[in-house]
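Line order of the protein sequences matches chains A and B. Everything in the first sequence is counted per my numbering, starting at 485 for the first residue and increasing by one. Everything in the second sequence is counted per my numbering, starting at 17 for the first residue and increasing by one. Just so you know, even glycine gets a beta-carbon here, dropped at the ideal spot from N, CA and C. Fair warning: this is a prediction, and the values are worked out from it, not measured in the lab. As structure tokens, the structure follows; a few thoughts come after it.
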Amino acid sequence: MSEAKAATMDSVWQGGGSPYAIGSKKFGMWLFIISDALTFSALLVAYTYVRLATPEWPKPFHFSPSIIFSSIMTFCLLSSSLTMVMAVHSMNHGNRKATVGWILATIAGGLAFVVLHLTEWLNLINNEHVTTSGNEWGVPLFGGTFFALTGLHMTHVVIGVIYLGIIAFAVGRGKFKYEDVEVSGLYWHFVDLVWMFIFPLVYLMSAKI
Amino acid sequence: MSNHSEAVEHVGGTTLTFSYVWIALLAMTGIEVFLAYEQLPTLIMLTALLGLSVIKAALIIAYFMHLKFEKFSLFLTLFPMLVLCILLMMLIFMPDSVRSLQMRMVQ
């Protein structure tokens with residue numbers, strides 16, 4: 485081994501370099517995302533288990549409004565992911581004004597998602613009479629698992645909107661660096677990613693035909 | 017981290033690339049909605065929808081979350097164990113759910 489190479493390796497293993505070539509904030513967010521992904525995976529596996537094991541699983545999601553609303557919600561989240569990518573891109577080029585604009589567009593997508601989701605929840609509660617502990621099909625697990633899964637996801641979206649609001653405010657005032665915006669973007673894309681599984685498994689698998 | 021290293025780190029992924037990914041994700045969502053209204057058996061439907069979701073997730077992770085442009089060691093540290101855990105959960109529980117359904121149908 486050459487002296488130069490040995491020196492580099494010493495530096496890495498003695499804490500002198502980053503083995504992943506990323507900052508600690510970004511690595512921390514990745515670790516959080518992986519642990520949160522396991523939480524959602526467990527919930528989705530549990531949901532799919534009871535969905536498959538129950539012969540008369542309810543199919544309360546009519547094309548209008550439920551499937552239309554949830555499709556628009558998917559569009560909102562996917563589009564907000566694109567605007568978040570643009571925000572990170574702008575920050576990378578040092579354009580703070582454009583960054584704030586793109587983050588605000590992302591927040592708008594997140595808020596639209598939450599409003600549509602709450603409307604969909606109210607439709608399910610008021611028109612289909614689904615609660616967390618019972619429904620007219622006699623499958624109480626449907627309400628329990630549905631509200632737990634979508635509720636936890638919506639909580640993540642709300643936290644994401646607040647997080648992005650703080651980032652936008654700080655970036656507008658000349659604070660925070662590129663990495664901070666990128667880390668908030670990682671969180672937002674993860675929220676989008678989780679919905680890519682909830683939408684087909686919860687809504688489309690129980691669409692009323 | 018210096019500005020120089022940040023600029024080098026995030027080379028790759030143009031605005032056009034991200035737009036293509038976004039369009040692909042929307043198109044796959046459209047296919048999923050279409051599939052939901054086809055009269056397919058539950059297990060085949062589940063497999064098709066999950067397959068599309070995994071592709072969508074991979075696109076989001078690779079491009080939107082920039083993992084494609086990070087060091088491969090980061091991917092190796094984070095994802096194999098996540099995939100293993102999810103596969104273990106599925107392999108252990110899913111056959112039991114189908115067996116449970118068949119037992120209820122017989123009764």
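Comparing alpha-carbon positions, the option among A/Leu688, A/Ser690, A/Leu677 and A/Tyr687 lying closest to isoleucine 71 of chain B turns out to be A/Leu677. Under the three-state reduction of DSSP output, alanine 505 of chain A falls in the coil class, being neither helix nor strand. Listed along the chain, the chain A residues whose CB falls inside 7 Å of the CB of lysine 87 of chain B are Tyr504 and Ala505. Here the alpha carbons of serine 690 of chain A and leucine 66 of chain B stand approximately 14 Å from one another. Look at the beta carbons and you see the segment 607 to 623 of chain A not touching the segment 659 to 677 of chain A: under three pairs across the two are nearer than 8 Å.
Closer than 9 Å to the CB of isoleucine 102 of chain B there is at least one CB belonging to chain A.
The continuous alpha helix (DSSP H) containing tryptophan 679 of chain A extends over residues 662 to 682. Under the Cβ distance rule, serine 550 of chain A does not count among the residues neighbouring chain B, no pair being separated by less than 9 Å. By the criterion of a C-beta distance shorter than 8 Å, valine 598 of chain A is surrounded in its chain by Met638, Val641, Val642 and Val645, once the five residues flanking it on both sides are discounted. Against chain A, the CB of lysine 72 of chain B has a partner CB under 9 Å away; the residue lies at that interface.
Any Cβ of chain B closer than 9 Å to the Cβ of valine 665 of chain A would place that residue at the interface, and such an atom is absent.
Boundaries of the alpha helix (DSSP H) around leucine 94 of chain B: 88 to 122. Listed in chain order, the non-local C-beta contacts of methionine 110 of chain B below 8 Å within the same chain number zero, local neighbours out to five positions each way being set aside. The beta carbon of threonine 63 of chain B does not come within 9 Å of any beta carbon belonging to chain A, so the residue lies off that interface. Under a 10 Å Cβ-count criterion, proline 544 of chain A is classified as buried, with 16 or more other Cβ atoms of the shown protein chains found around its own Cβ. Contact check for threonine 567 of chain A and glycine 593 of chain A: beta-carbon distance about 7 Å, within the 8 Å limit, so the pair qualifies. For the 9 Å CB-CB criterion, valine 572 of chain A and alanine 652 of chain A do not form a contact.
At a cut-off of 9 Å between beta-carbon atoms, serine 525 of chain A makes contact with chain B. Arginine 535 of chain A and tyrosine 504 of chain A have their C-alpha atoms roughly 40 Å apart. Between alanine 589 of chain A and cysteine 560 of chain A, the alpha-carbon positions lie close to 10 Å from each other. In terms of CA proximity to leucine 527 of chain A, A/Ala632 leads the group A/Gly658, A/Lys659 and A/Ala632.
Nearest neighbour of threonine 558 of chain A by Cα position, chosen from A/Lys692, A/Ile693 and A/Phe683, turns out to be A/Phe683. For the alpha helix (DSSP H) assignment, the uninterrupted runs of no fewer than 4 residues enclosed by the segment 564 to 628 of chain A are, from N- to C-terminal side, 580 to 610. With its beta carbon less than 9 Å from one in chain A, isoleucine 76 of chain B belongs to the interface. In the DSSP assignment, phenylalanine 545 of chain A is bridged to A/Ala691.
Three or more Cβ pairs closer than 8 Å define a contact, and the segment 97 to 107 of chain B meets that threshold against the segment 511 to 527 of chain A.
Cβ proximity to chain B below 8 Å picks out nothing from the segment 611 to 644 of chain A. Linking tryptophan 679 of chain A to threonine 33 of chain B through their CA atoms gives a straight-line distance of about 22 Å.
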